[in-house]
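K.L.:
Using my numbering, read the sequence shown as starting at 91 and increasing by one per residue.
My questions all concern the structure below.
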Amino acid sequence: MTLFLPDTPAPELDNYWCVFDGQQLWLEDGRFCHQPPAQHTAPRYIGHNGKFNLFSTELIGSAPAHWQCHSLRQSLQGLPASAVALLARAAQLRRFEQSHRFCGACAQPLQAHQHDSGRSCPSCGELYYPRLSPAMMVTISRGRQLLLARGPQFTPGMYSALAGFVEPGETLEACVVRETAEEVGVRIHTPRYVGSQSWPFPHSLMLAFTAEYADGDIVPQAGEIEDAAWFDIDDLPLTPPGHSIAHWLIQHTIMEIRQREAR
Ligand SMILES: [Zn+2]
91 MTLFLPDTPA
101 PELDNYWCVF
111 DGQQLWLEDG
121 RFCHQPPAQH
131 TAPRYIGHNG
141 KFNLFSTELI
151 GSAPAHWQCH
161 SLRQSLQGLP
171 ASAVALLARA
181 AQLRRFEQSH
191 RFCGACAQPL
201 QAHQHDSGRS
211 CPSCGELYYP
221 RLSPAMMVTI
231 SRGRQLLLAR
241 GPQFTPGMYS
251 ALAGFVEPGE
261 TLEACVVRET
271 AEEVGVRIHT
281 PRYVGSQSWP
291 FPHSLMLAFT
301 AEYADGDIVP
311 QAGEIEDAAW
321 FDIDDLPLTP
331 PGHSIAHWLI
341 QHTIMEIRQR
351 EAR
């Protein structure tokens with residue numbers, strides 16, 4: 091989904107409001123709110139997705155009785171795909187502003203930029219931009235089987251693609267190979283990039299790959315991987331739902347395997 095990030099709202103589109111309240115978010119019938127609350131902080135324009143403009147603000151006082159309060163994670167899973175990227179952006183900009191109020195070099199208050207999301211120090215000139223942490227995710231195929239794994243914190247019975255953060259100095263492709271070897275002990279070849287998603291926990295940029303199995307037996311990494319196994323694409327366990335890139339990547343890989351079989 092394309093995001094448009096002009097300085098000012100697109101006049102032809104409707105305006106919606108992303109209303110934060112501590113760790114929670116207020117929604118109206120499972121969507122962003124049509125109006126801001128009666129009392130709120132100065133609004134911030136987030137951008138638009140070609141369908142609507144989004145503003146974010148913080149609730150002061152109480153919310154209208156017909157609004158519902160959700161966690162950020164619940165909101166991302168429940169909102170339509172067209173809204174997910176805007177919410178990911180709103181949440182990350184909010185976190186950046188909350189965590190970058192003062193200069194890390196000289197402790198003076200930072201000033202927000204007018205035309206981008208950066209902040210700068212009027213005293214020493216240090217520049218700050220929202221942090222993005224690239225992380226890879228990979229599905230590994232062997233014939234019509236997928237290698238999926240689960241971490242100790244997963245919903246019971248749920249398995250997903252392998253994932254891990256890119257280390258300084260490392261290429262994405264090298265990260266895919268290294269994380270796979272570390273997490274499940276197998277070697278892969280031909281990692282191919284297939285898509286990405288901004289994921290605000292807290293500022294990940296998830297980069298999705300597919301890869302082919304080369305050799306090695308599965309050895310789950312102690313403490314990180316509770317279980318990992320090969321699953322036939324017609325007999326998969328519970329996998330991540332909704333608009334997460336894990337869901338999309340697993341479905342994409344299944345489609346690729348079916349297309350290979352049909353040839
Ligand atoms: Zn400074």
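Heads up, the beta-carbon is just placed ideally off N, CA and C, and yes, glycines get one too.
(1) I want to check one thing, is the minimum distance from the CB of residue 159 to the heavy atoms of ligand 1 below 7 Å?
(2) Cβ of residue 150 within 8 Å of Cβ of residue 124?
(3) When we look at the beta-carbon of residue 156 and count the other beta-carbons within 10 Å, is it buried (16 or more) or exposed?
(4) Which residue wins for smallest C-alpha separation from residue 182, given the options 256, 313, 134 and 322?
(5) For the beta strand (DSSP E) containing residue 168, list its first residue and its last residue.
(6) Please report the residue range of the alpha helix (DSSP H) in which residue 268 lies.
(7) Would you check if there are 3 or more beta carbon pairs closer than 8 Å linking the stretch 114-123 to the stretch 158-176?
(8) By DSSP's criteria, residue 227 is part of a beta bridge. Which residues make up the other side?
(9) Just how far apart, CA to CA, sit residue 336 and residue 217?
(10) Short of 8 Å in beta carbon distance, which residues of its chain neighbour residue 191, apart from the five on each side in sequence? Order them along the chain.
(11) Of the choices 316, 352 and 176, whose alpha-carbon is the least far from that of residue 245?
(12) Where does residue 174 sit, in a helix, a strand or coil, going by DSSP?
(13) Which two residues bound the contiguous beta strand (DSSP E) that contains residue 280?
(14) Counting along the chain, where does the beta strand (DSSP E) carrying residue 238 start and finish?
(15) Here's a check: name, in chain order, each residue in its chain whose Cβ is nearer than 8 Å to the Cβ of residue 248, leaving out the five neighbours to either side.
(16) Whose CA, out of 294, 262, 243 and 234, lies closest to the CA of residue 324?
(17) Could you check whether the stretch 249-261 touches the stretch 279-286, counting it as contact only if at least three pairs of C-beta atoms, one from each stretch, sit closer than 8 Å?
(18) Just checking residue 198 against ligand 1 - is the residue's beta carbon closer than 7 Å to any of the ligand's heavy atoms?
(19) Using only the heavy atoms of ligand 1, determine whether one of them is closer than 7 Å to the beta carbon of residue 265.
(20) Distance, Cα to Cα, residue 221 vs residue 176?
P.N.:
So, from the data block:
(1) no
(2) no
(3) exposed
(4) 134
(5) Where residue 168 is concerned, there is no enclosing beta strand (DSSP E), although the alpha helix (DSSP H) it sits in stretches over 162-168.
(6) 262-274
(7) yes
(8) 253 and 298
(9) 34 Å
(10) 199 and 200
(11) 316
(12) helix
(13) 277-289
(14) 235-240
(15) 240, 327, 328, 329 and 330
(16) 234
(17) no
(18) yes
(19) no
(20) 17 Å
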